[in-house]
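This report refers to the structure that appears directly beneath it.
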Amino acid sequence: MDAIYRSDINRDVPPARAGEFSAVPIGPLRVWPPVVLAPMAGVTNPPFRTLCRRYGAGLYVSEMITARALVEG
């Protein structure tokens, strides 16, 4: 299954070993795993959220929303 997600560019790069990376400090927070996912222009949100859920990330950055949308639901 690992070969499915590898490209010719990184085929010789070994997978990370347990304990190889530490949590990323952001102010008083410690982000684990040290992976930050953010959407790219032209990538729709539902597929991106599915990838985040499936593979996990310590921090997820969403598209900008207005405060009004949060208040009004």
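With the working numbering, the residue at position 69 of the sequence shown is 51, and numbering never jumps.
Glycine residues also receive a C-beta, built at the ideal position from the N, C-alpha and C atoms.
Beta carbon of residue i nearer than 8 Å to that of residue j
i: Gly38; j: Pro15; result: yes
Inter-residue CB distance, residue i and residue j (contact presumed, cutoff 8 Å)
i: Arg(-1); j: Ala5; result: About 16 Å separates the two Cβ atoms, so there is no contact after all.
(message) Does the contact criterion of 3 or more C-beta pairs under 8 Å hold for the segment 13 to 20 versus the segment 31 to 42?
(response) Touching, yes, given that three or more Cβ pairs across the two stretches are closer than 8 Å.
(request) Output the residue ranges of the alpha helix (DSSP H) runs that lie fully inside the segment -11 to 52 and measure 4 residues or longer, sorted by chain position. (result) Unbroken alpha helix (DSSP H) runs of no fewer than 4 residues, entirely contained in the segment -11 to 52, are found at 27 to 37, following chain order.
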